[in-house]
Amino acid sequence: MIFKITVSTLIILLSALVGYVISLNYDLRIKQLSAFIFSIKIMEAEMNYSKSYLYDIVGKLSSNSEKVIADLYRQVGNGLKNNNGKEFAEIWNDSVAQAFDTSSLTQTDIRLIKDFGKSIGKMDLKNQEKIYDYFLKRFDLQLVDATEEKNKKSRVYKNLGVAVGVMVVVVLI
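My numbering numbers the first residue of the sequence shown as 777 and each following residue consecutively.
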């Protein structure tokens, strides 16, 4: 009898844990989008007010950001250092593909990040500000979408994990 109770409890706890882990992806997406938005704001400030070079800005962002975002900027910095004749947009795309390969971001988020990289440094400062504003608005919309999705689905996955565990225990007993 004690064995059945112990196994049943473990099954319910493990399935609840699976539901919790799945729901964490929604929190991670929000965290990563927020960190990327913050990095864009820093990049904009560095370009407009400090007049820093892109390589220097990328170096600063690689040490000040959330892990996945820091990895992106570290890879971009390495790509700029070992240029091999590549344009910035190509280096950016390669770095985005590597950094966000296992992230919680959606394909839409990643595509938007790639589009952002295509427009960095291609215009004068006045037009570059417009590009930053445009992408900040787009990323804010993605952040709102991520928050709404988290509010809808996170609790469902947590409860579903517990429900599946209870169902398995009922079937086994």
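All C-beta atoms, glycine included, are put in the ideal place defined by N, C-alpha and C. Fair warning: this is a prediction, and the values are worked out from it, not measured in the lab.
Please classify ARG805: is it buried, with 16 or more other beta-carbons within 10 angstroms of its beta-carbon, or exposed?
Here residue 805 refers to the residue found at position 29 when the sequence shown is read from its first residue. Burial check for ARG805: the Cβ neighbour count within 10 Å reaches 16 or more, so the residue is buried.
Using the C-alpha atoms, what's the distance from GLN851 back to ASN927?
As a position in the sequence shown, residue 927 is number 151, starting the count at 1. As a position in the sequence shown, residue 851 is number 75, starting the count at 1. Answer to the nearest angstrom: the Cα atoms are 33 Å apart.
Which two residues bound the contiguous alpha helix (DSSP H) that contains ASN801?
As a first step, residue 801 is located in the sequence shown; it is residue number 25 there, counting from the start. Per DSSP, ASN801 belongs to the alpha helix (DSSP H) from 778-821.
Spatial distance of VAL794 from LYS934 (CA atoms):
For the purposes of this step, residue 794 is taken as residue 18 along the sequence shown, with counting starting at 1. For the purposes of this step, residue 934 is taken as residue 158 along the sequence shown, with counting starting at 1. Distance between the alpha carbons of VAL794 and LYS934 is about 8 Å.
Take PHE911 and list the residues in its own chain whose beta-carbon comes closer than 6 Å to its own, dropping the five residues that flank it on each side.
In the sequence shown, counting from the first residue as 1, residue 911 sits at position 135. Excluding positions up to five away in sequence, the list reads PHE892.
Tell me the rounded alpha-carbon separation between MET777 and SER880.
Here residue 777 corresponds to residue number 1 of the sequence shown, with the count starting at 1. Here residue 880 corresponds to residue number 104 of the sequence shown, with the count starting at 1. In a straight line, the C-alpha of MET777 is about 42 Å away from that of SER880.
Our contact map puts LYS780 next to ILE949 with C-beta atoms below 8 Å; I'd like the distance itself, whole angstroms only.
Here residue 780 is taken as the residue at index 4 of the sequence shown, counted from 1. Here residue 949 is taken as the residue at index 173 of the sequence shown, counted from 1. Cβ-Cβ separation between LYS780 and ILE949: approximately 7 Å, consistent with a contact (criterion under 8 Å).
At which residues does the alpha helix (DSSP H) containing ASP877 begin and terminate?
Locating residue 877 in the sequence shown gives position 101, where the first residue counts as 1. Under the DSSP assignment, ASP877 falls outside any alpha helix (DSSP H); it carries neither an H nor an E label.
Excluding the five sequence neighbours on either side, which residues of its own chain have a C-beta within less than 6 Å of the C-beta of PHE814, listed in chain order?
Along the sequence shown, read from residue 1 onward, the residue named residue 814 stands at position 38. Same-chain partners within the cutoff: there are none.
Could you check which residue in GLU924, ASP803, PHE915 has the C-alpha nearest to that of ARG887?
By one-based count along the sequence shown, residue 887 stands at place 111. Residue PHE915 is the option with its Cα nearest to ARG887.
Does the beta-carbon distance from LEU919 to SER838 come in below 8 Å?
Here residue 919 is taken as the residue at index 143 of the sequence shown, counted from 1. Here residue 838 is taken as the residue at index 62 of the sequence shown, counted from 1. The Cβ-Cβ distance between LEU919 and SER838 does not fall below 8 Å.
Buried or exposed: where does VAL783 fall if 16 or more other Cβ atoms within 10 Å of its Cβ makes it buried?
Walking along the sequence shown from the start, residue 783 turns up at place 7. VAL783 comes out exposed.
Test item: CB-CB of LYS807 and GLU842 under 8 Å
By 1-based counting over the sequence shown, the position of residue 807 is 31. By 1-based counting over the sequence shown, the position of residue 842 is 66. Yes.
Buried versus exposed call for ALA875 [16 or more other C-beta atoms within 10 Å across all chains shown]:
As a first step, residue 875 is located in the sequence shown; it is residue number 99 there, counting from the start. ALA875 should be labelled buried.
Length of the line joining the Cα atoms of ASP847 and LYS827
Indexing the sequence shown from 1 puts residue 847 at position 71. Indexing the sequence shown from 1 puts residue 827 at position 51. Rounded to whole angstroms, the gap between the alpha carbons of ASP847 and LYS827 is 24 Å.
Which residue marks the beginning of the alpha helix (DSSP H) containing LYS857, and which one marks its end?
Residue numbering aside, residue 857 sits at position 81 when the sequence shown is read from its first letter. For LYS857, the enclosing alpha helix (DSSP H) stretches over residues 843-857.
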